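Numbering (this note's numbering), first residue to last: 181 to 338.
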């Protein structure tokens, strides 16, 4: 996020929305994700914020989480910024026809951002490096830097 490039732009709002419909081995999967976000640029390099994550996969599960983060921008080139978010996740996941499970996690999400104007920015996260626990469903310790963990967000800077 390049909100730090604009001294007067300290607050931002935005987020992402996603929809996918895939078919693998004759099994069709429909997924919808909604991730509103708010944040505050402390200085040129540090930003704090939080994302609300709502993820629904038809006939599979519904997940909900709040993910506060601290973002460190470690490099800038023109209108581009390269950053890493240190995030916590706290929420629940409910498998279709099952009981709701508490989930929590902590990890790093690397990303890149581009400022179109002083007010409009787009950012992309690629991957997840961290740990997640899903109560009775198990744990996930991962270093994933593939296209399956690619997300885009649009931000408006105040």
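Where a beta carbon is used, it is the ideal one built from N, C-alpha and C, also for glycine.
Computed from a predicted model, the values in this text were never measured in an experiment.
Under the DSSP definition of a beta bridge, residue 215 partners with 196.
DSSP places residue 274 in the uninterrupted beta strand (DSSP E) bounded by 260-275.
Check the Cα spacing between residue 210 and each of 217, 221, 198: the tightest is with 198. Listed as beta-bridge partners of residue 221 by DSSP are 227. Rounded to whole angstroms, the Cβ separation of residue 252 and residue 225 is 6 Å, and the two are in contact under 8 Å. DSSP places residue 310 in the uninterrupted beta strand (DSSP E) bounded by 308-313. Per the Cβ contact rule, the segment 253-262 is not in contact with the segment 229-242 (fewer than 3 Cβ pairs under 8 Å).
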